[in-house]
Amino acid sequence: MSTVLSQPHFIFGLRKGVKNNLCFVDEQTVAFPSGNSCVIHNTVKGWQRFLPGSEGSLGLCALALSPNQRYLAVSEKAQKASITVFDLHQEHGMKRNVLTAGDFLVQEFLCMAFSPDSKYLIGQSGAPQWLLVFWSWEKNKILATEKTTNSNNPISQISFSPHNNMQVCVSGKGVFKLFRYSEGSMKQNSIAKVESINILCHTWVSEDRVIAGTDTGRLLVSQSGDVRREIKVSSETAQGQNERNLQVRRIKAGNVTEGVAKCCITAILSYSKGFVCSTGPGTVSLFERIEDDGYRKSREIQILPAPASSDSAPSQCQEIDTMCMSPAEETLAVSTDRGQLYSINLSSAEMKREEHLHFDFLSQPFHSESITGLSICIRKPFMATSSLDCSVRIWNYETKEMELYKEFQKEALSVALHPTGLFVLVGFSDKLRLMNLFIDDIRTFKEFALPGCRECAFSHGGHMFAAVDGSVIHIYSFTSFENILDLNGHFGKVRTVEWSFDDSRLVSCGTDGAVYEWNIHTGNLECETVLKTCSYFGAAFSWDYKTVLAVGSDLILREIQDCQVLKEVPADVVPHTALAVSQSGRVVFTGTTGGTVRAVKYPLPDQKEWITEQAHCGPVTKMVITYDDQFLLTASEDGCLLISKIVDEKGRGLRSDRQIVHTEEILVSKTDLKERARNMLELKTHLKELHMENEYQRRLKEMNHKEELQQVSNKFIEEIKTLKTTQQILSTEIERCEQETQQNSADVEVKHCKDLKYLEQFYTSKLSEEHEKYEQLLQKHKEMQEEYEAQLIHAQEDRTQSLAEITQIYEDELQLKTQHMNKYQEKAEQRIREYEETVRQAAEKEQEKLHSMEDKYEKKLQSEKEAVTKLKGNSGIMSQKIHNLQKQIDDHFNDITSMKKEHMSLVAFIRHLETDIYMLKKQVSKHKKTSQEKDKVISRLDTMNKDLQNLKVILEFKLKEMKKQIKPHQEDINKKAEMIQKLEDELMFITKSSSHLKVTISDLRLRLRTKDKEIQKEMQKVQDLSTLLERVRSDLEVCVSFITDPRKLKDNILTIYSRYASGTESAKRSGAVDAKKSVCFQCGQLEMTVSSLQKKLVRSAKQHDDVYTKMMKDNVALVTEINELRKALHVERSKDKDGNVQ
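First residue of the sequence shown: 59, per this note's numbering; consecutive thereafter.
Structure representation (structure tokens):
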């Protein structure tokens, strides 16, 4: 049999207490912590993706999203805290790196931040170290650590400068510091004097400016680490009003003894137009940037009270916890301290349209406190939850939406949903209430005097329900609401009750360690199992309803049948708190105090075999499996509701034999229907009134348009008359200007031809002169070449002489070195001879001594033989003497070895001298090579010098000639340029005036034509109207004859109206259409004339540009020649100076 497990599918709820617990991944997707995971939620499509926490984690501490929206850092509390970086572009959010504090024992990182380029990460640890750790997270390398504060001044936020990867801001209670990373350490730039200020949040608004919010509602502006000024949050009157509102809220909530606290700025966020900050409970203010680096409060956004809250419910003062903005800055999202997510669209159109802005829920409202009850029904995909936040909510586990919710004054302790999904049973601290689920409301219709009912359940048929009152279980009839049975037997509080499938039996368990199985028909106790050392948390029937499964405080899962324990599955250190059995009988799910969900095979194994999923961060309070075995629903004390898919090893869902059909019926009351019908009628009447008002306004506008048209036509007629007179005057002026321009252009052409001829003659004479000069320079060049050849011969002779001198010097040095070497060799030979002589002499002396000693010893031996007794006494003295002699022999040998060493050192010295001789020979050969190379360089320099001398002479000559030529040419060029400029100005003025006159003429002609046509049309209309008037008069005369007969009079009047009224309306419409057509025709004609004039202007401008460009090209050519000559002159002068220096 394949294993069965649960996979997280969707979760409702936000985990509170996590720093920066809301981030925008893109425009439609957000990331937030829920349960024991980080959830990636798409707000448009409604899907979720889970990034699970690591094993051994004690919970999430903080989130941080990189500026490029790709990486998400999640810090987790543990014995050794860690930060996990996820890559959100991967399909399942693959882990990139797991970061730790290295050798430091850190249990949690309170807050984190990415650098602007997403390459670095900083983390602030908690007490007692308070370390700021700087990572290069991609390399998993700690770059620097720094202690930022102590336990008396906790840190609230850290951040990178958005313009600098190495600058970090740290703020907290009495702390505001700027650090810069350099040379492997965090160096403090500045420290602000904020010992008495508790800074809760901050944000960077520029490269060196930070705005910080405090617990007293102040906004402080810091420039380069120094607090410079304060931004006003609101006016005094508005602030007083807020304080009064808060006081009223506290009085209603019952907190009369509390004083009015000042509003805290708990969150702040910068964006392109300024910054956003929280300015009180449930209030966010937008500040826009103005001149002089100031800020002005532009709008205020509020969280409205829940529409489903009852009148008697306490008002919720929600503090803003975290704010984030979408990448395109279109949506602002916030999270609150009550575990809710809100958003608002910041588009300019919607912001301007609405006066009072308020937040909407980002997805749906969540529970803000522990969930105490969870129930499902068979006829609808609904699940009901109750919570200590005084609310009851109905969810749809198929659409992943909340259908209904309502808030009450008392805490909801338990909930049970009727099998039809139309009724709900809720246990409050004062009473047990049975409620109807209407289309948009939950209303009580029956109350039972059962205070503090913590467990209730409907039977599968829905005709009965069980409610727990301490240790007693009451059975009620759903049809008559009578208490038909009381089950007494428990001695402690009952924690769980469950019905069998046929509603004939009921199982219960409690704190007294008893698990009872009751017969509902007789009210008798059929089976009991009591274990006083265990307090049971949950019990359930098996899939075939033959056995009972129970979990309790003794960490054991038991299977009970006929008052006997069949099997026991021991758990780990963490006890079970809830239990659910699948309908297929393949798996049993249990919840623990650590928030884990365990899938245990059924039949139960003998050993500890289960699959664990870390679902919640608090104890699991309730667990339910849907009737089709598709989903596991779990609720926890962390306020989260998790929907998990039940799948096998291959990820396939379980097959169910039950066919469940969901219905769509809803309850609607008569009063609601009547109210809706009345609202429909009111809206229809209002629509009719609006229609009538629009008609009246339209007619008024038509009348006004007619009057305006008449005025405009009169104005145009007057303008036509004035334009005709101006046209005549302008035509005469245009003719005169054309004649003048023709005369001027002819004069300019004649002058230009004369100048051209003069320039041609002048430059031909110049060319002939230059040719003669060139021939002269060639002759000089030959003479100079001969001189340089003679100098070369002389230089070669000098070089050979210097070479001979150098060789002589080096030969002398060589002879000296060889003499020295011979001397050293003689000395070495002499020392060797001396050494050999000393060795020979020492050997002879030793032999002589040995002979003498032998003689002595022989004599002594003879004497000893004669007197052995005497020698025995002197034997010790003799042995000592022998030892001394041996020592002397050893010393002589040592002297011989030292002499040998001296000999070896002398040989080494001789070899060293030989190497010196070899090196000197090498140096001589190198000197020879360098002298050859120097000769080559000298020859090259000689050739270069000759060429330069030739060029120098030529260029000096050319310079003198060009200077003489430039002066008159420059004067002519300046005069001609002035003339050209004057002519260009005159041409421009003439072209502009002529084009303007042509445009005005064409415009006036068009206007004349259109006005003539309009006059003709108006005359035609006048004639038509006169004929109509005559017809109307004749018809009216006929009507006058029927004055005595009212019916005929009425009929005739109606016929006249039908004949002429429709005609006038059509005439009005046709007149308006004709007027529009004429205006359009005039516009078209004017556009045509304007386009033709523009084309003419372009042509004339092109012709003028061609003439101008020709003249400019000539000027440019002359200027370039002059510049080249100047450059050549400069080069020659510099070369001449260099030659003189050498």
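Every residue, glycine too, gets a C-beta built ideally from N, C-alpha and C.
Small disclaimer: the values here were computed from a predicted structure and weren't measured.
Would you mind stating whether residue i and residue j have Cβ atoms separated by less than 9 angstroms?
i	j	result
C322	D379	no
F218	S173	yes
E288	R276	yes
V233	T261	no
I775	K1069	yes
L583	Y574	yes
S472	C511	yes
Y239	F192	yes
K231	V291	no
G571	V588	yes
C169	Q215	yes
Y868	H961	no
S445	S426	yes
C567	G431	no
Y603	R644	no
Starting from the Cα of residue i, find the closest Cα among the options and give me that residue.
i	options	result
V555	N198, F599, D913, A853	F599
E346	V334, K1079, S1099, G340	V334
K779	K1185, S535, R1063	R1063
C585	Q1028, V623, S538	V623
I257	K708, S229, M681, N211	S229
K1193	S535, L1006, T341	L1006
L1087	A693, S472, V1098, I1114	I1114
L179	Q187, T203, W188, A185	T203
K1160	S1099, Q1078, D1061, L1045	L1045
I1048	E798, E196, A185	E798
D630	D612, A636, R616, Q619	D612
V655	V682, A673, A122	A673
L415	K1010, Q422, K875, S405	S405
K417	R357, E855, F237, E456	According to the sequence displayed, residue 417 carries Phe and not Lys. It is R357.
D498	M460, K489, A474	M460
L1176	L1066, Q1023, A442	Q1023
Y882	T955, R710, I968, F820	I968
Q65	H425, I542, G709	G709
Q182	Q1074, G104, L121	L121
D478	M738, Y915, L462, G520	Here residue 478 turns out to be Thr, not Asp, going by the sequence shown. Nearest option by C-alpha distance: G520.
N47	C227, P186, K199	In the structure as shown, the chain begins at 59 and stops at 1200. Residue 47 is therefore absent and cannot be evaluated.
P91	Q422, C119, E841	C119
List the whole-angstrom C-beta distance separating residue i from residue j, where the pair is believed to meet the contact cut-off of C-beta under 8 angstroms.
i	j	result
L116	K138	The pair is not a contact, with the Cβ atoms about 11 angstroms apart (cut-off 8 angstroms).
C811	S1051	Going by Cβ atoms, the distance from C811 to S1051 rounds to 28 angstroms, so no, they are not a contact pair.
N79	L72	7 angstroms
E1019	E1190	Wrong, their Cβ atoms sit about 14 angstroms apart, outside the cutoff.
S343	T324	Actually they do not touch by this definition, with Cβ atoms about 13 angstroms apart.
K438	T721	6 angstroms
L691	I704	That pair is no contact at about 11 angstroms.
Q129	R154	According to the sequence as given, residue 129 is Tyr; it is not Gln. Y129 to R154, Cβ: 7 angstroms. Contact.
task: Would you list, in sequence order, the uninterrupted beta strand (DSSP E) runs of no fewer than 3 residues that lie entirely inside the region 69-125?
output: 87-92, 95-100, 106-110, 118-123
task: Evaluate the contact criterion for the region 92-108 versus the region 722-729: three or more CB pairs, one atom per stretch, below 8 angstroms.
output: no
- request: Let me know the beta strand (DSSP E) ranges lying completely inside the region 189-264, each 3 residues or longer, listed in chain order.
  value: 189-194, 199-205, 213-219, 222-230, 233-240, 243-249, 257-262
- request: Mind the definition here: the region 517-529 touches the region 541-553 only if three or more C-beta pairs lie below 8 angstroms; say whether that holds.
  value: yes
- prompt: Would you call the region 673-693 and the region 643-658 in contact, with 3 or more CB pairs under 8 angstroms?
  reply: yes
message: Please give the ranges of any alpha helix (DSSP H) in the region 874-904, keeping only runs that are unbroken, at least 4 residues long and fully inside the region.
response: none
message: Under 8 angstroms: do the region 447-459 and the region 530-542 share three or more Cβ pairs, one atom per stretch?
response: no
- prompt: Would you call the region 1183-1192 and the region 1029-1038 touching, i.e. three or more CB-CB distances under 8 angstroms?
  reply: no
query: Considering only residues of the region 689-729, which uninterrupted alpha helix (DSSP H) runs meet the minimum length of 4 residues and lie entirely inside it, listed in chain order?
result: none
- request: Identify every run of the beta strand (DSSP E) within the region 740-828, keeping only runs that are complete inside it and at least 3 residues long; order them along the chain.
  value: none
Contained beta strand (DSSP E) runs [length at least 3] in the region 583-656, N- to C-terminal order: 583-588, 594-599, 606-610, 614-619, 622-628, 634-639, 645-650
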